[in-house]
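Numbering (the numbering used here), first residue to last: 42 to 534. Everything below concerns the one structure shown next.
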Ligand SMILES: C[S@@+](CC[C@H](N)C(=O)[O-])C[C@H]1O[C@@H](n2cnc3c(N)ncnc32)[C@H](O)[C@@H]1O
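Structure representation (structure tokens):
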């Protein structure tokens with residue numbers, strides 16, 4: 042089965058990807074010592090965009106961005122363009138085309154005029170499932186269209202982690218028949234994997250020790266996988282993982298340099314985690330070799346790597362302990378922490394939005410208390426003002442950002458053009474679309490919402506009174522707090 046029909050036949054759900062939000066990529070770049078490309082006015086190209094779930098959400102929250110998506114599957118492109126038309130978005134367009142032969146006509150010409158360079162070029166979930174001609178086409182597109190100070194992202198499945206996963210992949214291919222591609226086939230694979238994993242002994246000795254555990258982990262992952270994922274990663278035969286060093290060689294041959302992984306803490310692994318420093322020594326201080334040693338140690342299965350042009354790479358700091366001066370200045374930090382439970386008076390406990398708990402000395406905790414979420418309060422805090430208010434806590438804040446406990450954004454979306462309690466027009470239309478399965482949040486996540494809550498959100502047009510909201514929904518006040526936290530409406534004050 043070729044790739045055209047495979048993605049039209051078994052579409053891949055298209056979501057916003059929080060870790061690929063330009064505001065987060067720009068912040069990561071700044072933390073690595075690179076002047077970040079613009080965000081609010083960014084030009085963004087998504088290669089292999091599916092039906093555009095990532096770029097459409099960005100277009101809504103950033104009316105001045107210019108976004109273009111390209112994908113081979115014409116059906117997915119049409120589906121995405123229909124959504125764009127329904128939402129009335131004018132700064133995003135999707136185009137059908139084959140990355141092996143360049144950008145399709147029209148991709149460079151949008152309603153905002155001609156632009157042939159992009160500040161961010163993203164390629165998520167494509168490189169490792171396409172033939173060599175498409176891979177080299179992707180590098181050529183980066184050569185032609187990445188702005189001099191731009192950031193390119195290419196994700197790929199990696200060895201050695203996939204060596205372990207290949208057993209489950211082989212099993213899936215062996216067991217998939219007689220079902221034909223689709224939901225029933227994926228279900229058969231999920232069930233078969235769960236059965237074989239349950240039958241595999243946990244206490245084998247020698248070389249097979251760990252085999253049962255590994256199969257159980259695969260069965261667990263498969264049970265949670267999104268529709269389409271098992272087909273495209275396990276069954277289609279397209280998936281070709283790579284070692285980091287192979288990918289790095291391809292990048293260098295095309296004239297690109299490795300910056301870091303998208304998102305913290307992966308972007309600075311030598312600084313965090315117990316394995317960082319010994320592995321860095323094993324790599325004799327070579328930052329690129331370190332990345333490969335890290336994958337061997339961690340059995341990594343996937344990377345979200347960022348690539349830049351040589352002129353940028355020369356300015357970026359790779360050394361283990363160098364933290365650029367002013368690294369946090371100008372960044373915005375999400376005020377999304379919650380208070381946790383500490384067993385001792387000397388420590389204060391916090392919970393991240395992802396549910397990770399951590400503790401810091403009480404004397405230093407003030408800077409983090411400022412980032413604890415409160416109703417009707419700003420969604421972000423300026424790192425500069427926090428550091429001015431708590432100058433003695435700079436090291437703690439740096440550490441929390443490096444470890445990914447506190448997020449870092451450069452130019453997050455602004456709701457200032459809205460009236461209090463108003464949701465943007467495109468989002469109100471999205472809330473009422475029958476075809477929409479989720480609503481994108483300001484944090485660039487996909488959140489499901491009941492029909493009743495969608496209707497309440499759609500009513501938030503900046504004109505409606507508290508009284509009429511109450512008539513629609515008795516629990517409207519708590520729902521408005523939720524809408525505010527998702528960045529769907531501008532807070533009342
Ligand atoms: C695994 S999906 C990833 C989609 C999206 N980026 C995401 O992560 O949700 C791979 C995508 O690559 C597209 N694709 C495969 N070969 C392609 C080619 N030669 N040119 C353009 N797109 C291609 C497929 O149609 C599919 O939508």
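Don't be surprised by glycine CBs; every beta carbon is placed ideally from N, CA and C.
Close Cβ partners of residue i (< 7 Å) along its chain, the five nearest in sequence each way excluded
i, result
"residue 289", "299, 329"
"residue 54", "267, 268, 269"
"residue 61", "95, 163, 165, 194, 303"
"residue 103", "81, 454"
"residue 198", "169, 280, 282, 342, 343"
"residue 502", "463, 469"
"residue 486", "57, 59"
"residue 331", "311, 320, 321, 324"
Distance cut-off 8 Å: residue i Cβ against heavy atoms of ligand 1
i, result
"residue 39", "As displayed, the chain neither begins before 42 nor continues past 534, which places residue 39 out of reach and without an answer."
"residue 39", "It is not possible to answer for residue 39, since the shown part of the chain is limited to 42 through 534."
"residue 141", "yes"
"residue 410", "no"
"residue 109", "no"
"residue 171", "yes"
"residue 508", "no"
"residue 175", "yes"
"residue 112", "yes"
"residue 275", "no"
"residue 160", "no"
"residue 88", "yes"
"residue 117", "yes"
"residue 230", "no"
"residue 48", "yes"
"residue 167", "yes"
"residue 60", "no"
Close Cβ partners of residue i (< 8 Å) along its chain, the five nearest in sequence each way excluded
i, result
"residue 348", "183, 192, 193, 194, 195, 292, 297, 298, 299, 300"
"residue 390", "380, 381, 382, 383, 398, 399, 400"
"residue 43", "Residue confidence is low: residue 43 scores 42 on pLDDT, short of 50, so the model does not pin down where it sits. Its coordinate-derived value is still stated next. Hits under 8 Å: none found."
"residue 388", "400, 401, 402, 403"
"residue 157", "149, 185, 186"
"residue 78", "63, 67, 70, 160, 161, 188, 190, 191, 192"
Three-state class that DSSP yields for residue i in the structure shown
i, result
"residue 379", "strand"
"residue 257", "helix"
"residue 389", "strand"
"residue 397", "coil"
"residue 224", "helix"
"residue 340", "coil"
"residue 82", "coil"
"residue 433", "helix"
"residue 373", "strand"
"residue 414", "coil"
"residue 570", "No information on residue 570 is available, as it lies outside the stretch 42 to 534 that the chain covers here."
"residue 161", "strand"
"residue 494", "helix"
"residue 349", "strand"
"residue 156", "coil"
"residue 45", "Confidence in residue 45 is poor, its pLDDT being 49 and thus under 50, which makes the residue's placement too unreliable to answer from."
"residue 208", "helix"
"residue 310", "helix"
Cut-off 6 Å between Cβ atoms - residues of its own chain near residue i, not counting five sequence neighbours on either side
i, result
"residue 178", "140, 141"
"residue 386", "none"
"residue 452", "64, 80, 81"
"residue 46", "At residue 46, the pLDDT of 44 sits below 50, so the modelled position is not reliable; the number obtained from the coordinates is stated separately. The answer is none, since no qualifying residue turns up."
"residue 489", "479"
The stretch 339 to 355 touching the stretch 411 to 418, judged by at least three CB pairs closer than 8 Å: Short answer: they don't touch.
Stretch-stretch touch, CB-based, cutoff 8 Å, three pairs: the stretch 469 to 484 with the stretch 121 to 131: yes
Touching by the beta-carbon criterion (3+ pairs, under 8 Å), the stretch 76 to 96 and the stretch 109 to 120: yes
Contact the stretch 87 to 97 vs the stretch 115 to 125: 3+ CB pairs below 8 Å: yes
Three or more C-beta pairs below 8 Å linking the stretch 315 to 325 and the stretch 207 to 225: no
At least three beta-carbon pairs within less than 8 Å, the stretch 232 to 241 to the stretch 249 to 264: Output reads yes: the stretch 249 to 264 touches the stretch 232 to 241.
The stretch 491 to 508 contacting the stretch 435 to 450, beta-carbon criterion three pairs below 8 Å: no
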